[in-house]
Structures are given as C-alpha cells and as structure tokens.
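J.:
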Amino acid sequence: MTVWDRPEPPTRPAPLDRERIVAAALALADEGGLDAVSLRKVAARLDVGPMRLYGYISTKEELFDLMVDEVHAEILPAEPPGDWREALRVRAHRTRQAALRHEWLADLLGGRPTLGPNALAVTEATLAALDGLADIDTVMRAVETVGAYTIGAIRSEVAHLRAERATGLSEHDWQRAHGPYVSRMLATGRFPALAKAVHDGTDVDAETSFTTGLDWILDAVAAKLM
C-alpha cells in the first residue's frame, strides 16, 4: 500500500494531517536542504511527538515522495498547452523554476517515477499533448530525452548556486580568481580549442543557456516525431 492509498488516522488528540506534515517538511527543506528534514524535526515544528507522525508516514522516503509530489503541483501548467512543443517547453521551464524555489528538488529528480497525484497529472498533460504524433515508444523516448536534459541542466545550475554560497565567490569572482592559472595553461599552446572557447566564446546567463539547450533538444525531438 502506498502512502497515497493509506488512510490517515483520526486527528485527535491534536489536529494533524499529511498536508500539515508536508508543509512543515517543505519549510525545513527550503531553509536547510534535505539534511534538515527528519520526522523528529518535522514533529518538533508541528509541536507534536514524533510517534504521532508514524500514523501518517512510515518512513522519511515516504515523506520525500509527498514533498516531491507537492512541488509537482507548481509544475502542472495552469491551462493545456497549445501543442506538444509548448507542452514540453513549459514543463521544462516550470520544473526549473520549481527547483530554483526548492533547491533540494534537484537531489530527488531523476530516480524512479513519482507516482503521486500531482506528478501523475503532470505526466498525463505531457503525454496528452503528444498523443497521436508517433507510436507510444517514440513518444516515451521523446519525453525521457527532454526530461534528462532538464534534470541535468537543473542539477548543474543548482550546483553552481551552492558553490557560490559555500565559497562566497560569485561565478565572475571565481573566474577572476582562477584567471591567471588558466591564462598560463592556455599560453602553453597545448589547448588550442579550449583557448578559442575562452577567448572568443560568449558568456550567457543560466536561463539563456537553459533555453537555448532546450530549443536544440526540442528540434531533435521534432525530427523524430515528423
């Protein structure tokens, strides 16, 4: 029986439900990451004994499942997209935006499928937009390909944000600090392709990079769907 199938116990002696438990867990994770979340800490935030939570949630993994599904409510588009390309683009951008609001989400994306009602609704909306365009295996590979790009890009961006906080150096400051070393290495002539990229390449922000890469992935998907 999944956590979504299991009925909640009576609320006495103090009002409690999974919605309140998940809200408390989300607040803890947003403040301190997944390491800040435990059943004991959630119980303390709700001012109840830890054993009370076990009537609603059996393990921390179930709690994480509920948290991820709650965030999927933010990913679900407000209205049906116009076509398959917009559906995949909107899902990717809304997933990125959710991960930037809840950085811990990056650590939980990419594993086994999320089976909560909100996540299922996101998947349904995505597949419905591609229905009839190709055989189901091609459609599934298309969704997986865009998903893999999205998750990889999100994890990279979140890793950069965490590095900035850990070191106290912005990306620009980090580049300046390592500039002399990189310049010396490039001056050896051993890395001509890298030197060209460093000297001639254009610096873009994370959102521009994400959007450009996503458009390229969607172009590749379009070639398979046609």
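Quick note: the sequence shown, position 173, residue 175 per the working numbering, numbers continuous.
We treat Cβ as the ideally placed atom computed from N, Cα and C, and that holds for glycine.
Closer than 7 Å by C-beta to R94: which residues in its own chain qualify, once you throw out the five before and the five after it? Chain order, please.
T.: Taking the first residue of the sequence shown as 1, we reach residue 94 at position 92. According to the sequence provided, residue 94 is Ala. The question's Arg does not apply to it. Closer than 7 Å at Cβ, skipping near neighbours: V148, T152 and L216.
J.: When you compare each of A131, G118 and D71 to H104 by their alpha carbons, which one comes out closest?
T.: To locate residue 104, count along the sequence shown from 1; it is residue 102. Closest option to H104, Cα to Cα, is D71.
J.: Note down the Cα distance separating V73 from L110, rounded to an integer number of angstroms.
T.: For this step, residue 73 is matched to residue 71 along the sequence shown. For this step, residue 110 is matched to residue 108 along the sequence shown. Straight-line Cα distance between these residues: approximately 11 Å.
J.: Can you list, in chain order, the residues of its chain with a C-beta nearer than 8 Å to that of L30? Leave out the 5 residues immediately preceding and following it.
T.: In the sequence shown, residue 30 corresponds to position 28, counting from 1. If you ignore the 5 residues before and after L30, its C-beta comes within less than 8 Å of the C-beta of A38, V39, K43, V44 and R47, all in its own chain and listed in chain order.
J.: Which residue spans inside the stretch 105–165 form an unbroken alpha helix (DSSP H) run of at least 4?
T.: 107–110 and 119–132
J.: Is the number of C-beta pairs between the stretch 48–65 and the stretch 118–127 that are closer than 8 Å three or more?
T.: no
J.: What's the C-alpha gap between G35 and W106?
T.: Counted from its first residue, the sequence shown places residue 35 at position 33. Counted from its first residue, the sequence shown places residue 106 at position 104. If you take the alpha carbons of G35 and W106, they lie about 5 Å apart.
J.: Is it a yes or a no for the stretch 127–143 touching the stretch 85–92, going by three-plus beta-carbon pairs under 8 Å?
T.: yes
J.: How would you write the range of the alpha helix (DSSP H) that S185 sits in, first residue to last?
T.: For the purposes of this step, residue 185 is identified with residue 183 of the sequence shown, where counting begins at 1. E173 to A189 is the span of the alpha helix (DSSP H), which, as asked, contains S185.
J.: When the Cα atoms are used, what is the spatial distance from R54 to P11?
T.: Translated into positions along the sequence shown, residue 54 becomes position 52. Translated into positions along the sequence shown, residue 11 becomes position 9. C-alpha separation (whole angstroms): 10 Å.
J.: If A222 sits next to V160, beta carbons under 8 Å apart, how far is it from one beta carbon to the other, in whole angstroms?
T.: In the sequence shown, residue 222 corresponds to position 220, counting from 1. In the sequence shown, residue 160 corresponds to position 158, counting from 1. With 8 Å as the limit, A222 and V160 do not qualify as a contact, their Cβ atoms being about 25 Å apart.
J.: How about H180 and E173: are their beta carbons less than 8 Å apart?
T.: Locating residue 180 in the sequence shown gives position 178, counting from the first residue. Locating residue 173 in the sequence shown gives position 171, counting from the first residue. Not a contact, by the Cβ cut-off of 8 Å.
J.: Tell me the DSSP secondary structure of I219 in three-state form.
T.: Reading the sequence shown from its first residue, position 217 is the one you call residue 219. Of the three classes helix, strand and coil, the one that applies to I219 here is helix, per DSSP.
J.: Indicate whether at least one CB of chain C lies closer than 8 Å to the CB of R47.
T.: In summary, chain C is missing from the structure at hand, where a single protein chain is found.
J.: What number of angstroms, rounded off, separates the C-alpha of S158 from the C-alpha of V5?
T.: The residue you call residue 158 lines up with position 156 of the sequence shown. The residue you call residue 5 lines up with position 3 of the sequence shown. If I take the Cα positions, the gap works out to 31 Å.
J.: Are E76 and R96 close, meaning C-beta to C-beta below 8 Å?
T.: For this step, residue 76 is matched to residue 74 along the sequence shown. For this step, residue 96 is matched to residue 94 along the sequence shown. Contact: yes.
J.: Between which two residues does the alpha helix (DSSP H) harbouring V206 extend?
T.: Here residue 206 refers to the residue found at position 204 when the sequence shown is read from its first residue. Unbroken run through V206: none, as it is neither H nor E.
J.: Just checking A27 against the ligand NAD - is the residue's beta carbon closer than 7 Å to any of the ligand's heavy atoms?
T.: In terms of ligand content, the structure shown is empty, and the ligand NAD therefore cannot be addressed.
J.: Name the two residues that bound the continuous alpha helix (DSSP H) containing G34.
T.: In the sequence shown, residue 34 corresponds to position 32, counting from 1. First-last of the alpha helix (DSSP H) with G34: R20 to G34.
J.: Give me the Cα-Cα distance between E81 and L135, rounded to the nearest whole angstrom.
T.: In the sequence shown, residue 81 corresponds to position 79, counting from 1. In the sequence shown, residue 135 corresponds to position 133, counting from 1. One C-alpha to the other measures close to 21 Å.
J.: Please classify L196 as buried or exposed, where buried requires at least 16 neighbouring CB atoms within 10 angstroms.
T.: Position 194 of the sequence shown, counting from 1, holds the residue named residue 196. Per the 10 Å Cβ criterion, exposed.
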